[in-house]
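> The structure under discussion is supplied below as structure tokens; questions concerning it will follow.
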Amino acid sequence: MNPQATLIFITSLMLGTTITISSNHWIMAWTGLEINTLAILPLISKSHHPRAIEAATKYFLTQAAASALVLFSSMTNAWHTGQWDITQLTHPTSCLILTSAIAMKLGLVPFHFWFPEVLQGSPLTTGLILSTIMKLPPIALLYMTSPSLNPALLTTLAILSTALGGWMGLNQTQIRKILAFSSISHLGWMAIIIVYNPKLTLLNFYLYAVMTATIFLTLNTTKVLKLSTLMTAWTKAPSLNTMLLLALLSLAGLPPLTGFLPKWLIIQELTKQDMALAATLISLLSLLSLFFYLRLAYCTAITLPPHTTNHMKQWRTNKPTNVTIAILTTITIMLLPITPMILTIV
819 MNPQATLIFI
829 TSLMLGTTIT
839 ISSNHWIMAW
849 TGLEINTLAI
859 LPLISKSHHP
869 RAIEAATKYF
879 LTQAAASALV
889 LFSSMTNAWH
899 TGQWDITQLT
909 HPTSCLILTS
919 AIAMKLGLVP
929 FHFWFPEVLQ
939 GSPLTTGLIL
949 STIMKLPPIA
959 LLYMTSPSLN
969 PALLTTLAIL
979 STALGGWMGL
989 NQTQIRKILA
999 FSSISHLGWM
1009 AIIIVYNPKL
1019 TLLNFYLYAV
1029 MTATIFLTLN
1039 TTKVLKLSTL
1049 MTAWTKAPSL
1059 NTMLLLALLS
1069 LAGLPPLTGF
1079 LPKWLIIQEL
1089 TKQDMALAAT
1099 LISLLSLLSL
1109 FFYLRLAYCT
1119 AITLPPHTTN
1129 HMKQWRTNKP
1139 TNVTIAILTT
1149 ITIMLLPITP
1159 MILTIV
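Just so we're on the same page, this note's numbering is the position in the sequence shown counted from 1, plus 818.
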């Protein structure tokens, strides 16, 4: 793609995200979401492969439907209360419609079917944008409307997302699909706590974005898309693959890595809210996703001869590791000891 065109699309993405996050009026928030959707479509379909075009079409249709629902819920609320302010969403029907719309935007269960397909049809860099930056505006809207939302509905969506995200990722061999189901599972953790402690949701999202960025950029460097090619990638950049192993375990939420921090705080907060059953359930369901993270980790670093594969070994590269990957990997692995400092900032 033309560099000038890429720059325009990336700038539009930043603009759309900023407009939605900083707006008080529903129409401005909706405008930001629309700019975002239109800016990401060329980035998804830039390879002109039929699968990429299909992914872009699916993405456009689901996002258009979700945007229409956002507009509908805000209009219903304005009809009943005379308020267009985002924080004044008080009408129960509007809250339900908005929760459905944001669930569709994010890819929460039962509106999750589009996300793995779209991620599979996109390049790795676009997949990273879809998994991180594109999730920020809907989460910001949830954050702003969190006092009015229905806790029972969100808890149900969250537990279903964690269950299906883990369960459907078990038999996947395509790494982008595995990361899509991982994203759905993590969104479940964010959705369950948004009503009780919205700042924890934002902290979880930021840490998830950092961990996912590490994995996507590492895979992009080693040019790996399937489990079978991941098994032979250790010959190309052994040190980078070791870091990928730790990043995957961090994304799984194993202590003493960064990924354990948001899970620990969310379980603690749920227990304080007398939701010990939900906390137990969501913790047990996250064991499903732990299985496929461990499988990825096994394929990353532990598969050595005599476990032969049909793929040829790759030449080792002498290129130094990207500084961005180095910084992101450090954050992904080593943030747990400074939890008290993070909590004082949050």
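The beta-carbon is built from N, C-alpha and C at its ideal position, and this holds for glycine as well. Keep in mind that this is a model prediction, so the values were computed, not measured.
Whose C-alpha, out of 890, 996, 869, 929, is nearest the C-alpha of residue 1030?
In the sequence shown, counting from the first residue as 1, residue 1030 sits at position 212. Closest option to residue 1030, Cα to Cα, is 996.
> So, at 8 Å on beta carbons, what are the nonlocal neighbours of residue 935 in its own chain, with the 5 sequence-adjacent residues on each side left out?
Counting from 1 along the sequence shown, the entry for residue 935 is found at position 117. Counting only Cβ-Cβ distances below 8 Å, and skipping sequence neighbours, we find 872, 873, 876.
> To the nearest angstrom, how far is the alpha carbon of residue 1007 from that of residue 1100?
Numbered from 1 along the sequence shown, position 189 holds the residue referred to as residue 1007. Numbered from 1 along the sequence shown, position 282 holds the residue referred to as residue 1100. Using only the alpha carbons, I get a separation of about 8 Å.
> Take every Cβ of the segment 1040–1055, pair it with every Cβ of the segment 1079–1090, and state whether three or more of those distances are shorter than 8 Å.
These segments do not touch.
> For residue 1042, would you say it is in contact with chain C, using Cβ-to-Cβ distances shorter than 7 Å as the test?
Within the model displayed, chain C is absent; a lone protein chain is all it includes.
> Please identify the residue among 933, 921, 891 whose C-alpha is closest to the C-alpha of residue 915.
For the purposes of this step, residue 915 is taken as residue 97 along the sequence shown, with counting starting at 1. Nearest C-alpha to residue 915: 891.
> Using a 10 Å radius around the Cβ and a threshold of 16 neighbouring Cβ atoms, would you call residue 843 buried or exposed?
Here the question's residue 843 lines up with position 25 in the sequence shown. Exposed is the call here.
> How would you label residue 1013, buried or exposed, when you count the other beta carbons within 10 angstroms and need 16 or more for buried?
Translated into the one-based positions of the sequence shown, residue 1013 becomes position 195. So residue 1013 ends up on the buried side.
> Closest to residue 1022 by C-alpha separation, out of 1120, 1003, 1058, 1103, would be which residue?
In the sequence shown, counting from the first residue as 1, residue 1022 sits at position 204. Checking every option, the nearest Cα to that of residue 1022 belongs to 1003.
> Confirm, please, whether the CB-CB distance from residue 937 to residue 870 is below 7 Å.
Sequence index remark: in the sequence shown, residue 870 carries index 52 (1-based). Sequence index remark: in the sequence shown, residue 937 carries index 119 (1-based). No; because the gap between Cβ atoms is not below 7 Å, this pair is not in contact.
> So, are the CB atoms of residue 1062 and residue 1036 less than 7 Å apart?
Against the sequence shown, residue 1062 aligns to sequence position 244. Against the sequence shown, residue 1036 aligns to sequence position 218. Yes, the Cβ-Cβ distance between residue 1062 and residue 1036 is below 7 Å.
> Out of 833, 1011, 853, which has the shortest C-alpha to C-alpha gap to residue 881?
Along the sequence shown, one-based indexing puts residue 881 at 63. Of 833, 1011, 853, the residue nearest in Cα terms is 853.
> By the 10 Å Cβ neighbour count, where 16 or more other Cβ atoms means buried, how is residue 1074 classified, buried or exposed?
Your numbering for residue 1074 matches position 256 in the sequence shown. So residue 1074 ends up on the exposed side.
> Assign residue 1064 to one of two classes, buried (16 or more other C-beta atoms within 10 Å of its C-beta) or exposed (fewer than that).
The residue given as residue 1064 occupies position 246 in the sequence shown. Buried, because 16 or more other Cβ atoms sit within 10 Å of the Cβ of residue 1064.
> Does the separation of the CB atoms of residue 967 and residue 917 fall below 7 Å?
Numbered from 1 along the sequence shown, position 149 holds the residue referred to as residue 967. Numbered from 1 along the sequence shown, position 99 holds the residue referred to as residue 917. Yes, Cβ-Cβ distance for residue 967 and residue 917 is below 7 Å.
> Below 7 Å between beta carbons: does that hold for residue 1076 and residue 1154?
Taking the first residue of the sequence shown as position 1, residue 1076 is located at position 258. Taking the first residue of the sequence shown as position 1, residue 1154 is located at position 336. Taking 7 Å as the Cβ cut-off, residue 1076 and residue 1154 qualify as a contacting pair.
> Can you tell which of 921, 1106, 1149 has its C-alpha closest to the C-alpha of residue 986?
Taking the first residue of the sequence shown as position 1, residue 986 is located at position 168. For the residues 921, 1106, 1149, the minimum Cα distance to residue 986 belongs to 1106.
> So, helix, strand or coil for residue 843, using DSSP?
Your numbering for residue 843 matches position 25 in the sequence shown. Residue state, collapsed to three classes: strand.
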